[in-house]
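Count the sequence shown with our numbering and you get residues 39 to 596, in order. Step one of this worksheet: look at the structure below.
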Amino acid sequence: MRKEPAVMRLSAPGSLTSRTVLCLAALLAWIGMSGCRTRPQPADSLESARQSAVQRQRRIIFNNDGDDLLHLAGPATAEKFLSVRTEHAAGTMVDSVFYFSRRPISPLYTGAVKSEPLAGRLRDLARQGTDDLRLVIEASRKQGIEVFWSMRMNDIHDNAKHPSEIAQWKKDHRHLLMGRPADKERFPASDPRNIWTFVDYAHPEVRDLMVETFKEVLAGYDVDGVDLDFLRHPAFFPETRRFQPVTRPHLEMMTELVGRIRAEVLAASRRKGRPILMSVRVLPTLEQNRHFGFEVEQWAQRGYLDLIVVGGGYDPFTMPAGDMIERGNQWAVPVYVCLSSSGFEHSIGSRRFYSTDADQWGRTRPNADEGLALKVWRAAAANAWLAGAKGIMTFNLFPRHPGSRATRMARRVWKEIGDPDNLALTDKLYVVENVESLQGGFMMGSVPVEGRLPVQVAPGAEVQRILPVADDLAGAGDRLQSLEFRLKLAGPRKRDTVTVRLNGERLRLTRRRPDWLIGPVPAQVMRRGSNVVKVELGAAAPSALTLEGLELEVTYRR
39 MRKEPAVMRL SAPGSLTSRT VLCLAALLAW IGMSGCRTRP QPADSLESAR QSAVQRQRRI
99 IFNNDGDDLL HLAGPATAEK FLSVRTEHAA GTMVDSVFYF SRRPISPLYT GAVKSEPLAG
159 RLRDLARQGT DDLRLVIEAS RKQGIEVFWS MRMNDIHDNA KHPSEIAQWK KDHRHLLMGR
219 PADKERFPAS DPRNIWTFVD YAHPEVRDLM VETFKEVLAG YDVDGVDLDF LRHPAFFPET
279 RRFQPVTRPH LEMMTELVGR IRAEVLAASR RKGRPILMSV RVLPTLEQNR HFGFEVEQWA
339 QRGYLDLIVV GGGYDPFTMP AGDMIERGNQ WAVPVYVCLS SSGFEHSIGS RRFYSTDADQ
399 WGRTRPNADE GLALKVWRAA AANAWLAGAK GIMTFNLFPR HPGSRATRMA RRVWKEIGDP
459 DNLALTDKLY VVENVESLQG GFMMGSVPVE GRLPVQVAPG AEVQRILPVA DDLAGAGDRL
519 QSLEFRLKLA GPRKRDTVTV RLNGERLRLT RRRPDWLIGP VPAQVMRRGS NVVKVELGAA
579 APSALTLEGL ELEVTYRR
């Protein structure tokens, strides 16, 4: 005999028992509660939402290194903290903030946050039931700005700090580091082996620790995404400290790590029922990235990446970002270009500028030329837009309290460089960078001097450099006021003959300062994009000269 399915039988109207009423009330309450819960979206719906999030507008990404807490006066409060940097992004073209927090933070970097005054300010915020990351998320959301938690994957600022600021984890796990404290004395500062606090990603313990750090943030904070910053700093295996390429097993280790973090990101997205994105900051070409351990093509093709940011920002004009941008288009992964204040330190004769009124170590620049600084930001951003970038990341460009010169400068940059149309007829300074100081030390040779400056010009020889210029100068007509070309040669002699050609046109330059040759450029000579500059030293010169500076200043009529 077939068993009948159990059913709930209700009494006729007017004869409900108290037990039945209670059961119905409980059932309705359960339905109501479950309707209020955040339900995981179906996989196809979540993927659709992810794609929409990936393609959202990010004109400018503000990379904030988390030093807000260092610039407070007195006890920390939410209002004081937000007034240093975060609130100044409002009303600009900043659409995203990538924030490297002081809490939470990886055990690799806890040395600094346990030292005063940072430790005390974090305690102040904790007593108020919050921390720096939570405040940035809440304040940015009110401004309609998305927030990524950015993890500096092997930051070594602690190498220059007092031993008390070395994380206890590093002290307890010396065998997982690439060097020893004695390396600071054994090797000069220009030698990457001087930096001993790098962790060695060849050890599974290091990779496991990194995954756990991301899990903590994904579980505890309502971030829109996470960022793996592989350029702070670009050494993950011992070979890099010797300027050698990493091995195939090392490439596989890093790919496996990125895949594990991606899995945690997707799991968190499913739990929260909304997309959480994943970004990486890497070098501009596949070849460079492989040298350091980053097999970006594999990461993209396996679906690990939602966004890519290219460059350390130290070669803002000549960085070959177009290679990664083109590949990103093929992979359906948007690519953003990083421009750093640190890449714009420059001098013209006795005129010196820096792109804010203080560098990242807090040294003031009283003679910083704000007008020139704005011109280089415009020029570098215009080049990035012309190359096809989806947006610009600003790095080491920080406001500092309401009304400060640094705040004014940052906001001027953020109000201009996020729209290529706005940049079209603005004054600019285009430069071929001098990257001599970046050949060793903390950037591990990741910014090659080839194609940049300095370069030796031998007697009777010619050197060539490419000057990228985004403006359509030949078509600017009467709107263009002047084009001034400047060339800096160290140690020129009165009888030296120097010939300079720009796109085949010989320029008439005069020596106005000891080391500078300066003169006008006919607008019709200029090309939008790559411009070929050739410098030739006469054969009669007794010795070579060093080409140290090359720039073009563009001025439009108001």
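We put the beta carbon where it would ideally sit given N, CA and C, even for glycine.
Any idea which residues DSSP pairs residue i with across the strands?
i	result
T432	F100 and L377
L525	L555 and L588
R190	D267
G567	V507
K572	Q502 and R539
T548	I556
N472	L491
E325	Paired residue(s): none; E325 is not in a bridge.
I346	V318 and V373
P287	In DSSP, P287 forms no bridge with anything.
L467	E591
E184	S134
L295	Answer is none; L295 lacks a bridge partner.
L518	Y594
L424	Per DSSP, none; premise fails for L424.
P497	L575
L215	V237
Within its chain, find whatever has a CB closer than 8 Å to the CB of residue i; leave out the 5 residues flanking it on each side and keep chain order.
i	result
M191	M248, L266, D267, F268, R270 and F274
R179	V185
S202	G149 and S153
If I measure Cβ to Cβ from residue i and keep anything under 7 Å in the same chain, skipping five residues before and after, which residues do I get?
i	result
D193	Y147, R270 and H271
I69	Any reading at I69 must be qualified, since the residue scores a pLDDT of 38, below 50, and its modelled position is unreliable; the value itself is stated next. So the list is empty, once near-sequence residues are dropped.
R75	Only weak support exists for where R75 lies, its pLDDT of 38 falling under 50; the coordinates are left without a value.
G483	F281 and Q477
L505	Y468, V470, N569, V571, L588 and L590
R596	none
P219	W234
D229	G478
R546	G557
A116	Q166, T168 and L173
Give me the Cβ distance between residue i and residue j, rounded to the nearest whole Å; I'm assuming they're in contact under 8 Å.
i	j	result
V375	A427	4 Å
D133	V122	Their Cβ separation, rounded to whole angstroms, is 20 Å, which puts D133 and V122 out of contact at 8 Å.
V318	L295	No, V318 and L295 are not in contact; Cβ-Cβ is about 11 Å, not under 8 Å.
Y239	R172	Wrong, their Cβ atoms sit about 29 Å apart, outside the cutoff.
V570	L590	Rounded, the Cβ-Cβ distance is 13 Å, inconsistent with contact.
L424	A508	4 Å
A528	D553	6 Å
V348	L321	7 Å
M316	R245	With 8 Å as the limit, M316 and R245 do not qualify as a contact, their Cβ atoms being about 16 Å apart.
R1	Y594	With the chain running from 39 to 596 in the structure shown, residue 1 is simply not present.
T124	A177	5 Å
G297	R340	7 Å
Can you list, in chain order, the residues of its chain whose CB lies under 6 Å from that of residue i, leaving out five sequence neighbours each side?
i	result
V493	V501 and L585
G576	T535
P113	D162
P497	L575, A577 and A579
G587	K526
G350	L269
V92	D344
E522	E591
W369	A338
A448	L435 and P437
E543	V563
Is residue i near the ligand PLP - that is, is its Cβ less than 7 Å away from at least one heavy atom of it?
i	result
P458	The model depicted lacks the ligand PLP and carries no ligand whatsoever.
- Inter-stretch contact at 8 Å, needing at least 3 Cβ pairs: the stretch 408 to 426 / the stretch 445 to 463: yes
- Which runs of the alpha helix (DSSP H) spanning at least 4 residues fall entirely within the stretch 91 to 147, listed in chain order? Runs of the alpha helix (DSSP H) spanning 4 or more residues and lying entirely within the stretch 91 to 147 occur at 116 to 122, in chain order.
- Contact between the stretch 197 to 208 and the stretch 156 to 167: three or more CB pairs below 8 Å? no
- Taking three-plus beta-carbon pairs below 8 Å as touching, is the stretch 474 to 483 in contact with the stretch 439 to 458? The stretch 474 to 483 is not in contact with the stretch 439 to 458.
- Is there contact between the stretch 80 to 89 and the stretch 127 to 144, where contact requires at least three CB pairs shorter than 8 Å? The stretch 80 to 89 makes no contact with the stretch 127 to 144; the number of CB pairs closer than 8 Å stays below 3.
- Any alpha helix (DSSP H) of 4 or more consecutive residues that is wholly inside the stretch 227 to 285: 242 to 258
- Task: Could you tell me whether the stretch 349 to 362 touches the stretch 307 to 318, where touching means 3 or more Cβ pairs closer than 8 Å?
- Result: no
- Query: Quick one: any contact between the stretch 505 to 514 and the stretch 554 to 567, if contact means 3 or more CB pairs under 8 Å?
  - Reply: Enough Cβ pairs lie closer than 8 Å, so yes.
- Message: Counting beta carbon pairs with one atom in the stretch 435 to 454 and one in the stretch 320 to 337, are three or more of them shorter than 8 Å?
- Response: no
- Message: Below 8 Å, how does it come out for the stretch 165 to 183 and the stretch 209 to 228: are there three or more Cβ pairs, yes or no?
- Response: no
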